[in-house]
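> Attaching a single structure in structure tokens format; questions to follow.
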Amino acid sequence: MANEEELGKMCIPISKLKKYATEWVIKVLVIRRGLIKEYKNEKGESVRWQLIFVDEEGTKIQTTLFNIDVQLWKNFFDQNKIYYIINGKISGTKPNFLSVHKDLEVAFNSNTEIIQCNTEFMYQQFSNGFISLDESEQFTTEIYFVKELNGEGRSRRREVIVTNERYDRKTLTLWGDLAEIEGELLESIENSKSVVAFSDVKSSTYQGDFVLSTTPVSSVLIYPTFEKAKDLTKWNDNMKASNLDISLMPSRLMQIAREVKITDIVDGSIVSLKFKAKITDINSNHDPWYHACKKCHRRVTVIKSTATCGYCKIEDIDYDERYRLKFDVSAEEQYISITLFDGARYFFGCDVKEYVGSTSEKKEESKYYRKLVLSKGKEFSILVKIDRKIAKEDRNSNLVAEEIHEVIKDDPTDEIDVDAPLIKLRRKRSKKNKDTIQCLIKGQSENNLVSFVIE
Numbered sequence: 016m017a018n019e020e021e022l023g024k025m026c027i028p029i030s031k032l033k034k035y036a037t038e039w040v041i042k043v044l045v046i047r048r049g050l051i052k053e054y055k056n057e058k059g060e061s062v063r064w065q066l067i068f069v070d071e072e073g074t075k076i077q078t079t080l081f082n083i084d085v086q087l088w089k090n091f092f093d094q095n096k097i098y099y100i101i102n103g104k105i106s107g108t109k110p111n112f113l114s115v116h117k118d119l120e121v122a123f124n125s126n127t128e129i130i131q132c133n134t135e136f137m138y139q140q141f142s143n144g145f146i147s148l149d150e151s152e153q154f155t156t157e158i159y160f161v162k163e164l165n166g167e168g169r170s171r172r173r174e175v176i177v178t179n180e181r182y183d184r185k186t187l188t189l190w191g192d193l194a195e196i197e198g199e200l201l202e203s204i205e206n207s208k209s210v211v212a213f214s215d216v217k218s219s220t221y222q223g224d225f226v227l228s229t230t231p232v233s234s235v236l237i238y239p240t241f242e243k244a245k246d247l248t249k250w251n252d253n254m255k256a257s258n259l260d261i262s263l264m265p266s267r268l269m270q271i272a273r274e275v276k277i278t279d280i281v282d283g284s285i286v287s288l289k290f291k292a293k294i295t296d297i298n299s300n301h302d303p304w305y306h307a308c309k310k311c312h313r314r315v316t317v318i319k320s321t322a323t324c325g326y327c328k329i330e331d332i333d334y335d336e337r338y339r340l341k342f343d344v345s346a347e348e349q350y351i352s353i354t355l356f357d358g359a360r361y362f363f364g365c366d367v368k369e370y371v372g373s374t375s376e377k378k379e380e381s382k383y384y385r386k387l388v389l390s391k392g393k394e395f396s397i398l399v400k401i402d403r404k405i406a407k408e409d410r411n412s413n414l415v416a417e418e419i420h421e422v423i424k425d426d427p428t429d430e431i432d433v434d435a436p437l438i439k440l441r442r443k444r445s446k447k448n449k450d451t452i453q454c455l456i457k458g459q460s461e462n463n464l465v466s467f468v469i470e
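Note that the working numbering has the sequence shown beginning at 16, numbered continuously upward.
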């Protein structure tokens with residue numbers, strides 16, 4: 016058997032592999048280790064296991080192992096480890112299934128050998144594939160908030176709210192294995208605001224919002240170590256050193272939203288607007304939560320523990336308690352009722368459920384309750400989303416706030432330069448550094464990646 020130095024000389028990049036070739040050596044990083052799944056077909060019961068690799072050129076390829084091969088190799092291929100794969104068969108992609116490579120897949124055979132690599136993996140080409148979040152299919156980012164796991168089987172999903180140094184907060188939906196495996200890991204590191212990278216995700220527009228979701232060939236890299244991820248980590252560390260909580264900073268949407276007077280919320284397509292108003296009253300004449308459909312978040316009718324969603328037209332649907340906070344605001348003799356759901360994090364620094372829990376016994380001792388009481392009479396900048404499908408009189412009587420920030424002398428909403436990725440905290444940054452940090456995601460037609468911070 017060749018030693019590691021000899022293997023290194025024998026390696027070829029994935030781009031040089033030829034269909035049907037059986038003798039070759041590739042050096043790869045494991046970026047996706049799927050669940051071992053059982054399935055049935057006309058031949059009986061079987062198991063399969065999907066793995067995704069990337070080489071030092073940034074080219075990805077996958078393999079799907081079955082039955083005996085799963086048992087043979089299941090103790091190999093740890094996530095983020097480097098391996099030499101020696102021999103096998105290079106086959107074509109299956110036309111009815113997604114693949115990370117447009118033409119080829121790896122198949123193992125009796126001549127296949129796997130050796131863990133102890134030499135350095137050159138990330139430069141792989142790193143170059145990561146572009147900015149708003150172009151995202153491949154990107155780096157920071158975790159903002161991880162929601163609970165919902166659904167079953169391939170419909171299992173988990174929403175992750177992510178941000179970058181421009182505070183471009185986006186919703187990324189993890190599906191299937193990714194929701195179960197990587198989603199649980201992301202939830203465990205949520206409070207550390209860690210940098211993660213996502214590869215081969217798809218983007219779309221839903222109800223006017225730019226949203227991201229994983230595919231069967233997506234990958235998640237937690238604590239990536241390539242240069243562009245290090246830049247984002249450095250920014251994140253600077254924010255922590257300055258005692259700035261990124262989860263409470265005004266989002267880029269808040270920064271660029273058109274500001275209107277409270278009396279000028281007009282008809283139009285789905286659009287985000289912000290206005291300034293004073294809190295006049297806290298509405299405590301309602302329950303702080305209601306039974307909501309897990310799919311559309313609207314109120315459901317519950318009879319003997321069975322829920323019916325009138326919007327989804329589904330009976331016996333999954334539901335949970337959706338917490339909310341309501342208060343009245345006014346400006347220029349115009350009064351509007353505001354409801355906070357996820358936006359409560361900008362107000363309290365926690366969600367409504369945690370606020371309610373803190374007031375369950377001696378609410379006067381709750382720092383969140385004291386903040387709420389002291390907010391009366393203060394002016395806030397409030398971000399809302401207007402939908403022309405909703406009658407104007409209904410919109411004006413009750414709006415859902417996406418974000419809410421107290422208006423102070425040095426209002427961060429007005430001070431932040433949306434074109435400067437490190438805002439005004441890092442005055443000595445170079446132009447080169449600025450350009451590098453603004454390009455954290457790659458957008459190609461077949462193989463795309465992204466990275467950011469989960470807040």
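Ideal placement from N, C-alpha and C gives every residue a C-beta, glycine not left out.
Rounding to the nearest angstrom, what Cα-Cα distance links Met264 and Tyr182 in this structure?
Counted from its first residue, the sequence shown places residue 264 at position 249. Counted from its first residue, the sequence shown places residue 182 at position 167. Straight-line Cα distance between these residues: approximately 8 Å.
> Determine whether the beta carbon atoms of Leu387 and Leu268 lie at a separation below 8 Å.
Taking the sequence shown and counting its residues from 1, one reaches residue 387 at position 372. Taking the sequence shown and counting its residues from 1, one reaches residue 268 at position 253. Contact flag unset, no.
> Can you tell me whether DSSP reads Arg339 as helix, strand or coil?
In the sequence shown, counting from the first residue as 1, residue 339 sits at position 324. Coil, per DSSP.
> If we call anything under 8 Å between Cβ atoms a contact, is Val216 one with Leu227?
Position 201 of the sequence shown holds residue 216. Position 212 of the sequence shown holds residue 227. In this structure, Leu227 lies closer than 8 Å to Val216 by Cβ.
> For Ile83 versus Leu44, is the C-beta distance shorter than 8 Å?
To locate residue 83, count along the sequence shown from 1; it is residue 68. To locate residue 44, count along the sequence shown from 1; it is residue 29. No.
> For Val115, collect the residues of the same chain with a Cβ closer than 7 Å to its Cβ; drop the 5 residues on either side in sequence, then sort them by chain order.
Position 100 of the sequence shown, counted from the first residue, corresponds to residue 115. For Val115, where only same-chain residues beyond five positions count, the Cβ hits under 7 Å are Ile67, Lys75, Ile76, Gln77, Asp215, Val232 and Asn462.
> Should Val317 be labelled buried (16 or more other beta-carbon atoms within 10 Å of its own) or exposed?
Working through the sequence shown from its first residue, we reach residue 317 at position 302. Exposed, since its Cβ has fewer than 16 Cβ neighbours within 10 Å.
> By the 10 Å Cβ neighbour count, where 16 or more other Cβ atoms means buried, how is Arg442 classified, buried or exposed?
Along the sequence shown, one-based indexing puts residue 442 at 427. With a pLDDT of 33 at Arg442, under the threshold of 50, the modelled position of that residue is not reliable, and no figure is offered here.
> Spell out the partners DSSP gives Gly107 in its beta bridges.
As a working mapping, residue 107 is identified with position 92 in the sequence shown. Paired residues: Leu119.
> Could you give the first and the last residue of the continuous alpha helix (DSSP H) run that contains Phe362?
Along the sequence shown, read from residue 1 onward, the residue named residue 362 stands at position 347. Unbroken alpha helix (DSSP H) run through Phe362: Ala359 to Phe363.
> Could you tell me which uninterrupted beta strand (DSSP E) segments, each at least 3 residues in length, are contained entirely in the segment 202–266, listed from first to last along the chain?
As far as the segment 202–266 is concerned, its whole beta strand (DSSP E) runs of at least 3 residues are 210–214, 217–221, 224–228 and 234–237.
> List in chain order: all unbroken beta strand (DSSP E) runs of 3+ residues lying wholly within the segment 42–93.
Taking only runs of at least 3 residues, the beta strand (DSSP E) segments lying wholly in the segment 42–93 are 52–56, 59–69 and 75–81.
> Measure the alpha-carbon distance for Arg173 versus Glu348 and round it to whole angstroms.
For the purposes of this step, residue 173 is identified with residue 158 of the sequence shown, where counting begins at 1. For the purposes of this step, residue 348 is identified with residue 333 of the sequence shown, where counting begins at 1. Approximately 42 Å between the Cα atoms of the pair.
> According to DSSP, simplified to helix, strand and coil, what is Ala474?
This structure leaves residue 474 out entirely; the chain is present only between 16 and 470.
> Using DSSP with H/G/I as helix, E/B as strand and the rest coil, what is Tyr305?
Reading the sequence shown from its first residue, position 290 is the one you call residue 305. Note: Tyr305 maps to strand in three-state DSSP.
> Should Glu19 and Thr108 be called a contact, given that it needs their Cβ atoms to be closer than 8 Å?
Locating residue 19 in the sequence shown gives position 4, where the first residue counts as 1. Locating residue 108 in the sequence shown gives position 93, where the first residue counts as 1. No, these two residues do not count as a Cβ contact at 8 Å.
> Could you pull out every residue in the same chain whose Cβ sits closer than 7 Å to the Cβ of Tyr361, ignoring the five residues on either side in sequence?
In the sequence shown, counting from the first residue as 1, residue 361 sits at position 346. Leu263, Glu418, Ile419 and His420, listed in sequence order.
> Please state whether the Cβ-Cβ distance between Phe112 and Leu80 is less than 8 Å.
Locating residue 112 in the sequence shown gives position 97, where the first residue counts as 1. Locating residue 80 in the sequence shown gives position 65, where the first residue counts as 1. Not in contact: Phe112 and Leu80 (Cβ atoms no closer than 8 Å).
> Starting from Glu421 and walking both ways along the beta strand (DSSP E), at which residues does that stretch end?
Taking the first residue of the sequence shown as 1, we reach residue 421 at position 406. Asn413 to Glu421 is the span of the beta strand (DSSP E), which, as asked, contains Glu421.
> Return the bridge partner residues of Ser296 from the DSSP annotation.
As a first step, residue 296 is located in the sequence shown; it is residue number 281 there, counting from the start. The sequence as given places Asp at residue 296; Ser does not occur at that position. Answer by DSSP bridge pairing, in chain order: Asp343.
> Just to check my reading of the structure: Lys5 and Cys327 have Cβ atoms closer than 8 Å, yes? What is that Cβ distance to the nearest angstrom?
Because the chain here runs from 16 to 470, residue 5 falls outside it and cannot be looked at.
> If you run the structure through DSSP and keep just helix, strand and coil, what is Lys472?
Outside the displayed range of the chain (16 to 470) lies residue 472, so it cannot be described from this structure.
> Under three-state DSSP, which class holds Ala194?
If you number the sequence shown from 1, residue 194 lands on position 179. Helix at Ala194.
> Spatial neighbours of Asp70 within its chain, please: CB distance less than 7 Å, with the 5 preceding and 5 following residues excluded, ordered by chain position.
In the sequence shown, the residue the question calls residue 70 occupies position 55. Hits under 7 Å: Pro28, Ile29, Ile41, Lys42 and Val43.
> Counting only the same chain and skipping the five closest in sequence on each side, list residues whose C-beta sits under 6 Å from that of Ser373.
Numbered from 1 along the sequence shown, position 358 holds the residue referred to as residue 373. Taken in chain order, the residues that qualify are Ser381 and Tyr383.
> Given a cut-off of 8 Å, decide if Tyr138 and Thr240 are closer than it, judged by their beta-carbon atoms.
Reading the sequence shown from its first residue, position 225 is the one you call residue 240. Reading the sequence shown from its first residue, position 123 is the one you call residue 138. The answer is yes: Cβ separation under 8 Å.
> Does the beta-carbon of Leu389 have 16 or more other beta-carbons within 10 angstroms, so that it is buried, or is it exposed?
As a working note, residue 389 is residue 374 in the sequence shown. Flag for Leu389 reads exposed.
> Suppose the cutoff is 6 Å on Cβ atoms and the five residues either side in sequence are ignored; what does the same chain contact list for Gly73 look like?
Here residue 73 refers to the residue found at position 58 of the sequence shown. Excluding sequence neighbours, Gly73 sits near Gln140, Phe141 and Gly144.
> Taking the DSSP output, what are the residues bridged to Arg385?
As a working mapping, residue 385 is identified with position 370 in the sequence shown. Beta-bridge pairing links Arg385 to no other residue.
> Is Thr316 helix, strand or coil when you go by DSSP?
Counting from 1 along the sequence shown, the entry for residue 316 is found at position 301. Of the three classes helix, strand and coil, the one that applies to Thr316 here is strand, per DSSP.
> With DSSP as the reference, please indicate the residues paired to Val399 in a beta bridge.
For the purposes of this step, residue 399 is taken as residue 384 along the sequence shown, with counting starting at 1. In DSSP, Val399 forms a bridge with Leu288 and Ala416.
> Within the continuous alpha helix (DSSP H) that includes Val367, where are the two ends?
Counted from its first residue, the sequence shown places residue 367 at position 352. Val367 to Ser373 is the extent of the alpha helix (DSSP H) around Val367.
> Are the beta-carbon atoms belonging to Ile271 and Ala292 less than 8 Å from one another?
As a working mapping, residue 271 is identified with position 256 in the sequence shown. As a working mapping, residue 292 is identified with position 277 in the sequence shown. Result no, Cβ atoms of Ile271 and Ala292 do not sit closer than 8 Å.
> Take Ala416 and list the residues in its own chain whose beta-carbon comes closer than 8 Å to its own, dropping the five residues that flank it on each side.
Numbered from 1 along the sequence shown, position 401 holds the residue referred to as residue 416. Same-chain partners within the cutoff: Ile353, Thr354, Leu355, Gly358, Ile397, Leu398 and Val399.
> Any idea what DSSP makes of Lys378, helix, strand or coil?
Position 363 of the sequence shown, counting from 1, holds the residue named residue 378. Of the three classes helix, strand and coil, the one that applies to Lys378 here is helix, per DSSP.
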